[in-house]
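Trainee: Residue numbers (our numbering), protein chains in the order written: chain C, 1 to 227; chain R, 228 to 454; chain Y, 455 to 678; chain H, 679 to 902.
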Amino acid sequence: MINKIVQSMAEATADIRDNAVVLIGGFGSIGQPNALIEGLIEQGAKDLTVVANNAGVGHTGLARLMEVGRVRKIICSYPRTSDPVVFAELYRAGKIELEVMPQGTMAERMRAAGAGIPAFYTPTSVGTKLAEGKEARDFHGRTYVLEEALFGDVALVEAWQADRWGNLTYRSSARNFYPVMAMAAKLTIVQAQHIVELGALDPEQVATPGIFVDRVVHVPYGEPVVT
Amino acid sequence: MINKIVQSMAEATADIRDNAVVLIGGFGSIGQPNALIEGLIEQGAKDLTVVANNAGVGHTGLARLMEVGRVRKIICSYPRTSDPVVFAELYRAGKIELEVMPQGTMAERMRAAGAGIPAFYTPTSVGTKLAEGKEARDFHGRTYVLEEALFGDVALVEAWQADRWGNLTYRSSARNFYPVMAMAAKLTIVQAQHIVELGALDPEQVATPGIFVDRVVHVPYGEPVVT
Amino acid sequence: MSTKAAAETLAACKPWTREEIAARAARDIPEGWYVNVGIGIPVLLPNYIPPEREVIIQSENGILGMGPSPPDDKINRWLINASKKYVTLVPGGSYVHHADSFAMIRGGHLDLCVLGSFQVAENGDFANWTSAGDDMPSVGGAMDLAAGAKAIWLLMDHTTKNGDSKVMRRCTYPLTAVGAAKRVYTNLAVLDITDNGFAVRDLAPGLTFEALQDVTDAPLHLTN
Amino acid sequence: MSTKAAAETLAACKPWTREEIAARAARDIPEGWYVNVGIGIPVLLPNYIPPEREVIIQSENGILGMGPSPPDDKINRWLINASKKYVTLVPGGSYVHHADSFAMIRGGHLDLCVLGSFQVAENGDFANWTSAGDDMPSVGGAMDLAAGAKAIWLLMDHTTKNGDSKVMRRCTYPLTAVGAAKRVYTNLAVLDITDNGFAVRDLAPGLTFEALQDVTDAPLHLTN
Numbered sequence: 001m002i003n004k005i006v007q008s009m010a011e012a013t014a015d016i017r018d019n020a021v022v023l024i025g026g027f028g029s030i031g032q033p034n035a036l037i038e039g040l041i042e043q044g045a046k047d048l049t050v051v052a053n054n055a056g057v058g059h060t061g062l063a064r065l066m067e068v069g070r071v072r073k074i075i076c077s078y079p080r081t082s083d084p085v086v087f088a089e090l091y092r093a094g095k096i097e098l099e100v101m102p103q104g105t106m107a108e109r110m111r112a113a114g115a116g117i118p119a120f121y122t123p124t125s126v127g128t129k130l131a132e133g134k135e136a137r138d139f140h141g142r143t144y145v146l147e148e149a150l151f152g153d154v155a156l157v158e159a160w161q162a163d164r165w166g167n168l169t170y171r172s173s174a175r176n177f178y179p180v181m182a183m184a185a186k187l188t189i190v191q192a193q194h195i196v197e198l199g200a201l202d203p204e205q206v207a208t209p210g211i212f213v214d215r216v217v218h219v220p221y222g223e224p225v226v227t
Numbered sequence: 228m229i230n231k232i233v234q235s236m237a238e239a240t241a242d243i244r245d246n247a248v249v250l251i252g253g254f255g256s257i258g259q260p261n262a263l264i265e266g267l268i269e270q271g272a273k274d275l276t277v278v279a280n281n282a283g284v285g286h287t288g289l290a291r292l293m294e295v296g297r298v299r300k301i302i303c304s305y306p307r308t309s310d311p312v313v314f315a316e317l318y319r320a321g322k323i324e325l326e327v328m329p330q331g332t333m334a335e336r337m338r339a340a341g342a343g344i345p346a347f348y349t350p351t352s353v354g355t356k357l358a359e360g361k362e363a364r365d366f367h368g369r370t371y372v373l374e375e376a377l378f379g380d381v382a383l384v385e386a387w388q389a390d391r392w393g394n395l396t397y398r399s400s401a402r403n404f405y406p407v408m409a410m411a412a413k414l415t416i417v418q419a420q421h422i423v424e425l426g427a428l429d430p431e432q433v434a435t436p437g438i439f440v441d442r443v444v445h446v447p448y449g450e451p452v453v454t
Numbered sequence: 455m456s457t458k459a460a461a462e463t464l465a466a467c468k469p470w471t472r473e474e475i476a477a478r479a480a481r482d483i484p485e486g487w488y489v490n491v492g493i494g495i496p497v498l499l500p501n502y503i504p505p506e507r508e509v510i511i512q513s514e515n516g517i518l519g520m521g522p523s524p525p526d527d528k529i530n531r532w533l534i535n536a537s538k539k540y541v542t543l544v545p546g547g548s549y550v551h552h553a554d555s556f557a558m559i560r561g562g563h564l565d566l567c568v569l570g571s572f573q574v575a576e577n578g579d580f581a582n583w584t585s586a587g588d589d590m591p592s593v594g595g596a597m598d599l600a601a602g603a604k605a606i607w608l609l610m611d612h613t614t615k616n617g618d619s620k621v622m623r624r625c626t627y628p629l630t631a632v633g634a635a636k637r638v639y640t641n642l643a644v645l646d647i648t649d650n651g652f653a654v655r656d657l658a659p660g661l662t663f664e665a666l667q668d669v670t671d672a673p674l675h676l677t678n
Numbered sequence: 679m680s681t682k683a684a685a686e687t688l689a690a691c692k693p694w695t696r697e698e699i700a701a702r703a704a705r706d707i708p709e710g711w712y713v714n715v716g717i718g719i720p721v722l723l724p725n726y727i728p729p730e731r732e733v734i735i736q737s738e739n740g741i742l743g744m745g746p747s748p749p750d751d752k753i754n755r756w757l758i759n760a761s762k763k764y765v766t767l768v769p770g771g772s773y774v775h776h777a778d779s780f781a782m783i784r785g786g787h788l789d790l791c792v793l794g795s796f797q798v799a800e801n802g803d804f805a806n807w808t809s810a811g812d813d814m815p816s817v818g819g820a821m822d823l824a825a826g827a828k829a830i831w832l833l834m835d836h837t838t839k840n841g842d843s844k845v846m847r848r849c850t851y852p853l854t855a856v857g858a859a860k861r862v863y864t865n866l867a868v869l870d871i872t873d874n875g876f877a878v879r880d881l882a883p884g885l886t887f888e889a890l891q892d893v894t895d896a897p898l899h900l901t902n
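#1: Out of H:ILE727, H:PRO708 and H:ALA777, point me to the one whose CA is closest to ILE117 of chain C's CA.
#2: Report the three-state DSSP secondary structure of MET610 of chain Y (helix, strand or coil).
#3: Along the chain, where does the alpha helix (DSSP H) that runs through MET814 of chain H open and close?
#4: Count the other C-beta atoms from every protein chain shown that fall within 10 angstroms of the C-beta of GLY321 of chain R, then say buried if there are 16 or more, exposed otherwise.
#5: Between the C-alpha atoms of THR894 of chain H and GLY819 of chain H, what's the straight-line distance to the nearest angstrom?
#6: If we count the other Cβ atoms within 10 Å of its Cβ and call it buried at 16 or more, is ASN787 of chain H buried or exposed?
#7: Would you decide whether ALA518 of chain Y is buried or exposed? Buried here means 16 or more other CB atoms lie within 10 Å of its CB.
#8: What residues in the stretch 142-154 of chain C bring their beta carbon closer than 9 Å to a beta carbon of chain H?
#9: Closer than 8 Å is the cut-off here; do at least three beta carbon pairs connect the stretch 803-813 of chain H with the stretch 694-704 of chain H?
#10: Excluding the five sequence neighbours on either side, which residues of its own chain have a C-beta within less than 6 Å of the C-beta of CYS567 of chain Y, listed in chain order?
#11: Which stretch, first to last residue, makes up the beta strand (DSSP E) that contains TYR318 of chain R?
#12: Would you kindly report the start and end of the unbroken alpha helix (DSSP H) that includes PHE366 of chain R?
#13: Would you call the stretch 3-18 of chain C in contact with the stretch 135-144 of chain C, where contact means no fewer than 3 C-beta pairs closer than 8 Å?
#14: Please state whether DSSP places VAL774 of chain H in a helix, a strand or coil.
#15: When you compare the CB positions of GLU431 of chain R and ARG92 of chain C, do they come within less than 9 Å of one another, or not?
#16: Output the distance between the C-alpha atoms of GLN797 of chain H and ASN840 of chain H, rounded to the nearest integer angstrom.
#17: Can you grab the Cα-Cα spacing for the pair TYR764 of chain H / GLY28 of chain C, in whole Å?
#18: Does TYR488 of chain Y have its Cβ less than 9 Å from a Cβ in chain R?
#19: In three-state terms, what does DSSP make of LEU543 of chain Y?
#20: So which of H:ILE753, H:LEU900, H:TYR851 and H:MET846 has the shortest CA-CA distance to ARG879 of chain H?
#21: Could you check the C-alpha separation between ILE438 of chain R and VAL497 of chain Y for me, to the nearest Å?
#22: Would LEU65 of chain C and LEU40 of chain C qualify as a contact pair, given that the criterion is a beta-carbon distance under 9 Å?
#23: Tell me whether ASP441 of chain R is buried or exposed, calling it buried when 16 or more other Cβ atoms sit within 10 Å of its Cβ.
#24: Would VAL225 of chain C be called buried (16 or more neighbouring beta carbons within 10 Å of its own) or exposed?
#25: Could you please tell me which residues of the stretch 755-771 of chain H, in chain order, have their CB closer than 7 Å to any CB of chain C?
#26: Do VAL219 of chain C and ALA192 of chain C count as a contact pair if the criterion is CB distance below 9 Å?
#27: Hey, does ASP822 of chain H have any beta-carbon neighbour from chain R nearer than 9 Å?
#28: Mapping DSSP to helix, strand and coil, what is PHE378 of chain R?
#29: Checking the sheet assignment: what are the DSSP bridge partners for VAL22 of chain C?
#30: Which whole-angstrom value is the C-beta distance of ALA386 of chain R and VAL423 of chain R, which I expect to be below 8 Å?
#31: Let me know if THR349 of chain R comes out buried or exposed under the rule of 16 or more other beta-carbons within 10 Å of its beta-carbon.
#32: Let's see if you can read the secondary structure: which residues bound the beta strand (DSSP E) around LEU793 of chain H?
#33: At a CB-CB cut-off below 8 Å, which residues of chain H make contact with VAL327 of chain R?
#34: In the DSSP assignment, find the unbroken beta strand (DSSP E) run with ASN34 of chain C in it and report its ends.
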């Protein structure tokens with residue numbers, strides 16, 4: 001019997017190595033995999049490169065991971081959020097690297113990684129500072145830049161429902177980057193609010209099929225708090 | 228009030244021009260937009276290039292469109308189906324052009340068209356006859372070929388449910404190419420089994436959001452017949 | 455241009471408020487358009503679309519058919535907009551993931567994107583993501599939106615707090631996109647960006663063309 | 679090799695039937711693998727996976743978790759497999775669109791793809807989509823599957839009806855993929871494709887290594 005559900009955070013976060021590229025979804029405070037991040041802190045991997053839309057808020061979750069010194073570099077689209085105090089302090093002290101990337105390019109680069117597309121052309125950023133050093137090429141009279149697939153060693157996912165095959169649903173805007181991050185990582189680890197029986201999810205509505213999921217841990221934390 | 232639902236097949240198929248590239252979904256006999264194809268035959272556009280997975284079955288739908296001489300070229304992955312008699316006869320008589328393309332490349336090229344990606348690299352077909360003349364390039368030690376976006380002037384879609392904003396659901400494997408074809412075409416025309424009230428579709432389950440749909444016509448034809 | 459000239463110009467007319475700028479732009483959006491609204495003044499825009507006119511608002515974090523803020527007792531805590539504020543979904547709305555959301559954006563399916571901006575130039579260049587001294591540049595989805603939407607409108611103040619024009623011959627800040635902006639709504643004017651540069655469509659009450667030119671770096675034209 | 683040699687070899691042993699080939703391959707699939715099965719002999723494979731062993735079958739037309747054919751009174755007329763036959767969905771199954779389905783395939787998420795083939799070579803090249811004189815080449819998803827799945831197994835007859843070997847030094851038909859095949863199940867043998875070429879894992883009942891070599895174009899090796 002296939003059973004991707006694990007019983008402890010230690011099992012969930014096993015095998016995450018130093019220097020890993022960790023994909024962390026969520027958008028603002030919604031859908032942050034904070035329990036998995038706490039588990040990762042406990043687990044101890046360091047020198048991580050994190051790919052996330054924002055650079056952490058307050059002192060929890062991703063911000064906490066940075067605060068305890070585990071993140072060497074962050075790749076994100078929007079570091080300047082309401083309260084990026086941890087990131088800002090580390091960054092200004094030269095203790096963390098920052099790579100800023102357009103949000104859609106970030107999403108598409110991870111989708112490409114998951115879809116076996118090593119590189120693609122995009123119109124986004126052409127003629128701007130963020131295209132400097134990038135290979136440019138014209139198609140049908142418009143200029144595009146080449147972007148390569150962005151792989152993760154690990155993806156940390158927060159889902160609404162999960163079954164033992166790893167099929168997932170999300171809730172409202174908490175879906176955000178997760179379906180592409182789950183595809184783009186070698187090891188996809190999920191914290192799910194609800195564990196359901198195999199067959200309970202509507203096959204038309206599975207947002208991440210289990211093929212992209214390795215481990216699921218039940219974390220019924222309730223409602224997210226916007227900070 | 229936005230209302231994409233039209234009352235006649237003539238309205239549905241208006242503005243399809245000679246020489247148009249027409250994307251037709253379905254896989255085998257499932258999800259074929261046969262009513263729209265009949266409407267297109269009535270409408271009269273000719274010298275069409277059709278993109279479809281198969282080259283028509285029997286004498287209905289796409290096969291009929293070819294039989295009445297409206298198709299100049301077909302781009303497909305699998306012309307050799309159970310009963311491609313119409314296509315085979317026209318093709319062997321030199322009356323229709325054929326371009327064979329790997330099925331996944333076909334789907335991804337349309338997805339790229341819809342997603343603003345002018346071109347991408349893929350490992351599919353490398354080292355085969357279908358890669359001849361294509362630009363090849365290595366990324367991280369593996370060879371890939373460059374494929375460009377595949378746009379349609381028109382997409383003909385068969386859906387299960389539709390609302391007046393053009394939101395769509397499909398049924399089981401009848402989903403197939405439709406979500407990407409709807410994105411890839413300038414004009415997306417839908418025949419839907421069921422018209423539902425705005426708000427009746429579960430927002431987590433809309434498979435094609437209305438932004439990709441231009442016109443919907445109600446065609447409650449019942450169950451498909453596998454031929 | 456100077457602080458003094460700007461102050462005099464502003465004193466001589468009745469500049470539009472942020473709400474009025476948003477309302478002015480909202481009035482110009484036809485029924486049926488798919489529109490993304492950015493942070494800053496644009497986030498106010500959906501409040502001013504006439505209720506009988508259906509305009510479908512997209513939020514790049516995967517929402518198509520975004521509605522207004524919910525009352526406190528009806529908040530869905532999994533539903534926020536790109537500014538991280540609670541919003542609602544209208545009937546007919548749906549959710550997608552980020553790659554599909556930006557496929558809509560990059561693929562040219564949005565009729566309009568309304569953004570705030572630091573600067574805009576007469577060639578349609580605009581700069582809204584980072585200034586020269588910014589050590590924490592935050593681009594978000596602005597470059598994807600600028601490259602992908604069929605039209606870009608900018609909602610912004612006409613001048614900085616120091617009275618410097620933000621409506622320029624050429625942008626001095628790092629660009630968000632090249633030649634993408636089509637129309638600008640400021641607190642002083644509505645400007646179209648044409649092949650000949652800025653054409654004035656509308657002026658704030660009491661403002662003259664000449665007074666507007668006095669506080670504008672770029673040369674202005676009258677619409678035909 | 680000749681028709682006569684082949685006939686003698688076949689007469690001297692008990693070749694596996696199509697069903698036995700499928701069953702032999704099915705036995706080698708570990709629990710938990712995601713597997714796509716192509717047309718031809720592979721389509722029989724899911725019938726032979728032990729019921730207590732969970733193997734998840736993908737069909738490239740957007741089905742993950744494909745089950746067996748339904749009884750006549752339980753047909754879902756919107757659910758067919760890549761061979762255009764009615765199938766079922768197992769509990770835990772789900773549907774995706776074609777681009778997402780091929781993202782699974784091309785992205786390396788399938789543990790295995792089992793295909794039929796016209797020819798296979800000792801370097802792992804195989805040819806299963808078109809022959810030299812074919813005027814209607816039909817590739818379907820074979821090239822995407824060959825390029826994307828973690829492993830490719832081929833289920834095929836060892837020789838043509840004329841007794842010509844289909845297990846070759848080099849393929850003579852147009853290739854489906856270069857160096858992709860890892861294992862071959864024929865009516866006569868199970869072969870691994872190693873750095874040294876074909877290694878014989880198993881022989882049909884009554885067949886000797888030498889007799890197999892007699893009807894095989896490529897040199898064969900014994901497994902260690």
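We treat Cβ as the ideally placed atom computed from N, Cα and C, and that holds for glycine.
Mentor: Answer, in terms of the structure:
#1: H:ALA777
#2: coil
#3: Element bounds for MET814 of chain H: n/a, residue is neither H nor E.
#4: exposed
#5: 28 Å
#6: The amino acid occupying residue 787 of chain H in the given sequence is His; Asn does not appear at that position. Classification of HIS787 of chain H: buried, given that the 10 Å Cβ count is 16 or more.
#7: Here the sequence assigns Leu to residue 518 of chain Y, which means Ala is not the residue at that position. Answer is buried; the Cβ neighbour count reaches 16.
#8: none
#9: no
#10: ASN490, LEU599, ALA603 and ILE606
#11: Where TYR318 of chain R is concerned, there is no enclosing beta strand (DSSP E), although the alpha helix (DSSP H) it sits in stretches over 312-319.
#12: Unbroken run through PHE366 of chain R is the beta strand (DSSP E), 363-366; no alpha helix (DSSP H).
#13: no
#14: coil
#15: no
#16: 14 Å
#17: 45 Å
#18: yes
#19: strand
#20: H:LEU900
#21: 21 Å
#22: yes
#23: buried
#24: exposed
#25: LEU767, PRO769, GLY770 and GLY771
#26: yes
#27: yes
#28: coil
#29: C:VAL50 and C:VAL154
#30: About 11 Å separates the two Cβ atoms, so there is no contact after all.
#31: buried
#32: 790-793
#33: PRO815, SER816 and VAL817
#34: Looking at the DSSP string, ASN34 of chain C is not in any beta strand (DSSP E); the run it does join, the alpha helix (DSSP H), is 34-43.
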